[in-house]
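Those protein sequences? They're chains A and B, same order as listed.
Sequence positions in the first sequence follow numbering that gives the first Met the number 0 and run 0 to 453.
Sequence positions in the second sequence follow numbering that gives the first Met the number 0 and run 0 to 453.
First the structure, in the form of structure tokens, and then the observations on it.
There are 2 protein chains.
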Amino acid sequence: MEHLEQHERLEMWEKIQKALFDEQIDKFRAEFLELHPYDQAKIFEEQDEDIRFIIYSYLSPEEMADVIEQVDEDLVEAFITEMVPAFAAKVLEQMSTDDAVDILNELDKNKVASFLTIMDKKSSEEIKELLHYEEKTAGSIMTTEFVVIHTQMTVKEAMRHLRKEAPSAETIYYIYVVDSFKKLVGVISLRDLIIAEGEWLIQDVMSERVVSVPVGEDQEDIAQMMRDYDFLALPVVDFQDHLLGIITVDDIMDVMDEEASDDYSKLAGISDVESSSDTAISSAKKRLPWLIALLFLGMLTASIITRFEAALEEVAILAAFIPLIAGMAGNTGTQALAVAVRSISTGELEKKGKIKVIWRETKTGLITGFCCGIIIILLISLVYNQFFLGIIVGISLMATLLIATISGAFVPMMMDRFNIDPAVASGPFITTLNDLISIFIYFGLATAFMSFLV
Amino acid sequence: MEHLEQHERLEMWEKIQKALFDEQIDKFRAEFLELHPYDQAKIFEEQDEDIRFIIYSYLSPEEMADVIEQVDEDLVEAFITEMVPAFAAKVLEQMSTDDAVDILNELDKNKVASFLTIMDKKSSEEIKELLHYEEKTAGSIMTTEFVVIHTQMTVKEAMRHLRKEAPSAETIYYIYVVDSFKKLVGVISLRDLIIAEGEWLIQDVMSERVVSVPVGEDQEDIAQMMRDYDFLALPVVDFQDHLLGIITVDDIMDVMDEEASDDYSKLAGISDVESSSDTAISSAKKRLPWLIALLFLGMLTASIITRFEAALEEVAILAAFIPLIAGMAGNTGTQALAVAVRSISTGELEKKGKIKVIWRETKTGLITGFCCGIIIILLISLVYNQFFLGIIVGISLMATLLIATISGAFVPMMMDRFNIDPAVASGPFITTLNDLISIFIYFGLATAFMSFLV
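Next up, the structure:
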């Protein structure tokens, strides 16, 4: 069985729906529960309210929790809110603590408080602890359902403990070892545990070189670390090395996806990640801040051009190459920007050294500038039969490409230096800044050499 | 211990280096091998050739294989090539098959053939099989080192088999079950296996709903699937459901990173992913194709403007707003493009329906166009005291933003329809296309209403 395609889900659903309409609970449950929770969630998301209410009454809170864990994050709030509160509380109770916390973080505080009151005490306490952590840190993505063993246990005892804890733990493939002060002192993989002899002590078989992250660590850095070290889970500790929770690889894959979407959107100048489920108004709201900011920068460019109105009146054809020069500057700046932002976020920049990267970009700008400059001189000489105009456009293009390439790399580095997320120096900003510089160079040159043009 | 920072690695290295210079093999090995292979690799990468040769002689091929698996992919080819061939062949032999194949794919064919001849027969056969698969498909990222059990084994027998295979298998957390025809019929997680009773038959405890991917499946789709279903491994099968290999989550994290870099670079108009380790010439080569293509599009825009030379000679100030209008069109088009490309790659678009998304973008374009149009009319009226010019720029801007928004969404959808990777419709292309359209609208309007301007 592969990932279900849309149409397969539809067919599946038609079968299940029949059972639903005939009020055959058992048949519905048999068919529906056989699916992977991801497919259950995709089918569930597409139902109308009345069908959803029937499903709530046919599934146990535990079964519903599996579905809700896989539902699209934009929709989950609405589903939890429409459920009978007692049922919703039970569903949240049955979910992984970290997923439940993600949902509660989206709800308003009164609702959260009332859910926490109805919930059983153990779950509500676990959730309350996690609710305090700042978004996008280790604390906010970790789970508290993990298996912990002590240094003095034997391998056999550890296996017995593991068998008991396995059903409720988020992962059992790494087992963390604590000392009598609850401090993290080691780790053993299930792989090593099953190879070890039953009577050995855990402290003799565990690895003491356990990699952990502090609870306030940024989620992007954790993702990078997990990818580099090929871990399936990472323990989270406080400043005294007490084990607080674990982060599993499935949560990290979501983080990687989220961060990639985020960088991508910023490069395109969208302030917040947009999805197809946004309405036109919410899309416009996310795009307008940049557009309006750029409008004002555009007015600045316009005022530079008006200062050269005399030159334009004399040689109107100068205007024809404004979009070409400004466009090329913008594009080459975006290219350099993208490379710089990536190399900052992967840590490559630090390794190479900023000066070296800027010098590399300078040489790149010289090469691209030279090539494009020569081509445009030839094109303008041939097409417009104006060699001097070609020279002016060509030299402007060379200077522009050089400066735009350097600034595309330099601006994000400076932002990083001052602890501003370099991805904020998005494409449109660099583009418009380079428009401005390029126009200045072009008309400056044109005015200086006006005598050759007229 | 956390991810080692650059300076920690340096300190670590100074200690290790001393052992190296004093020719204390044992001390060097003790210190170096205590590190995580990732840190070993990072330290190794920074050494000069002569030091690297000492390290080759101090480590066994198996230990060296762990280091090489973690080395940056851009550097690994050089390291393998500089080693004594017999040693390099042994290192490749000891690596995970999938990683060894990745390296061999980069080497020239003669070298590959000679390595395969020196290698032991079993490894070379496994590698040869994988070398045939196309890049970026399931076949190219899978490994053939996995644990397989039969339906008729008992749980106890399976555990015994697992203990024996564990050291060489890439993962043992999912164990795949085949029937007597070697067809994949089930899967059992190690978690479920350790809870099961020893004398039960595997066929009674395994899950028959095993999700697999065909060997030719695209790696991006596999990553999406693994993320959705939260799997740690996925089996790869041929068209008759024979189990060929498995893909593990650590390889998928690399794929996700690669695909994200790829989309990001394309949005910025870089034909191939660039890294800071590229030379200026190789960077320029990756950027020039787009720049030169855009240069020709820019010439087209120039030729449109020259057709309106008469209008420009009469009202030179018209030229001042060219960069503003073209820039806004380019930026808004890139925003719409980024949203469309993301929603195509996540499959969201298919769910929503194209018509609906285009209609949503149309409304978004109307809203942003209206807001920006009104602002520019006010600005030009106030700053330049020219109400009619403001009206013409404002209306052009409205029309331009509307068209640019729609085209930003429409172009990638069309490309997807004709099976072209929509990410190729990168920012610079949409930007320059929209430059062209916007200039046409602006001068068209200006010429039509010239009488109000002069």
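Here a beta-carbon is modelled for each residue, glycine too, at the ideal position from N, C-alpha and C.
Member of the options whose CA lies at the smallest distance from the CA of residue i
i        : options                                   : result
Gln16/A  : Asp256/A, Gln46/A and Ile402/A            : Gln46/A
Glu92/A  : Ala64/A, Asn109/A, Phe78/A and Leu74/A    : Ala64/A
Ser282/B : Glu257/A, Gly426/A and Glu360/A           : Glu360/A
Thr278/A : Leu106/B, Phe52/B and Lys362/B            : Lys362/B
Val236/A : Asp256/A, Asp262/A and Val209/A           : Val209/A
Asp262/A : Leu452/A, Val338/A and Gln385/A           : Val338/A
Val356/A : Asp256/A, Asp191/A, Ile140/A and Ser342/A : Ser342/A
Cys371/A : Ile354/A, Gln385/A, Gly389/A and Thr446/A : Gly389/A
Glu349/B : Gly297/B, Ile304/B, Met412/B and Leu317/B : Met412/B
Cutoff 7 Å: residue i Cβ touching any chain B Cβ
i        : result
Met252/A : yes
Ala403/A : no
Gly352/A : no
Tyr441/A : no
Tyr172/A : yes
Met0/A   : Its pLDDT being 38, under 50, Met0/A is placed unreliably by the model, and the measurement read from it follows with that caveat. By this cut-off, Met0/A is an interface position.
Leu290/A : yes
Arg359/A : yes
Arg162/A : yes
Ile366/A : yes
Met449/A : no
Glu68/A  : no
Per-residue DSSP class, three states only, for residue i
i        : result
Ser95/B  : coil
Leu243/A : strand
Ile148/A : strand
Ser32/B  : The sequence shown places Leu at residue 32/B, not Ser. Residue state, collapsed to three classes: helix.
Ile379/B : helix
Thr136/A : strand
Leu281/B : The identity of residue 281/B in the sequence shown is Ser, whereas the question assumes Leu. DSSP places Ser281/B in helix when its eight states are reduced to three.
Val83/B  : coil
Lys182/A : strand
Glu124/A : helix
Pro60/B  : helix
Ser167/B : coil
Ile187/B : strand
Ala267/B : coil
Thr142/A : strand
Leu200/B : strand
Beta-carbon proximity of residue i to residue j, cut-off 7 Å
i        : j        : result
Ala301/A : Ala398/B : no
Met252/A : Arg226/B : yes
Ile187/A : Ile174/A : yes
Met152/A : Ile201/A : yes
Ser380/A : Tyr441/A : no
Ile391/B : Ala445/B : yes
Amino acids of chain A, ordered along the chain, whose beta-carbon sits closer than 8 Å to that of residue i
i        : result
His35/B  : Arg208, Val210 and Tyr228
Met413/B : The contacting residues do not exist; Met413/B stays about 17 Å from chain A at best.
Ile376/B : None at all; the shortest Cβ gap to chain A is about 11 Å.
Ile438/B : Pro322
Contact set between residue i and chain A, taken where Cβ atoms lie within less than 7 Å
i        : result
Gln334/B : Ala267, Gly268, Ile269 and Arg286
Lys155/B : Near Lys155/B there are no residues of chain A at all, since even the closest Cβ is about 13 Å away, more than 7 Å.
Partner residues on chain B for residue i, Cβ-Cβ distance less than 7 Å
i        : result
Phe458/A : The structure shown does not extend to residue 458/A, since chain A spans only 0 to 453, so no value can be given for it.
Per-residue contacts from residue i into chain B (C-beta, under 8 Å)
i        : result
Asp454/A : There is no way to answer for residue 454/A, as the model of chain A reaches only from 0 to 453.
Leu388/A : Ordered by position in chain B, no residue passes the 8 Å Cβ test against Leu388/A, which lies about 11 Å from the chain.
Trp199/A : Near Trp199/A there are no residues of chain B at all, since even the closest Cβ is about 15 Å away, more than 8 Å.
Ala165/A : Arg190, Ile193 and Ile194
Ser430/A : It is Thr, not Ser, that sits at residue 430/A in the sequence shown. Chain B residues near Thr430/A: Gly326, Gly329, Asn330 and Thr430.
Chain A contact residues for residue i, given Cβ-Cβ distances below 9 Å
i        : result
Lys14/B  : In chain order: nothing, as chain A lies at least about 16 Å away.
Ala325/B : Ile321, Pro322, Ala325, Gly326 and Asp434
Lys362/B : Thr278, Ala279, Ile280, Ser282 and Ala283
Chain A contact for residue i (CB, 7 Å cutoff)
i        : result
Thr150/B : no
Glu308/B : yes
Ser282/B : yes
Pro427/B : yes
Thr446/B : no
Thr305/B : yes
Val186/B : no
Chain-ordered chain B contacts of residue i [CB-CB under 9 Å]
i        : result
Gly456/A : Past the edges of chain A, shown from 0 to 453, lies residue 456/A, and the structure says nothing about it.
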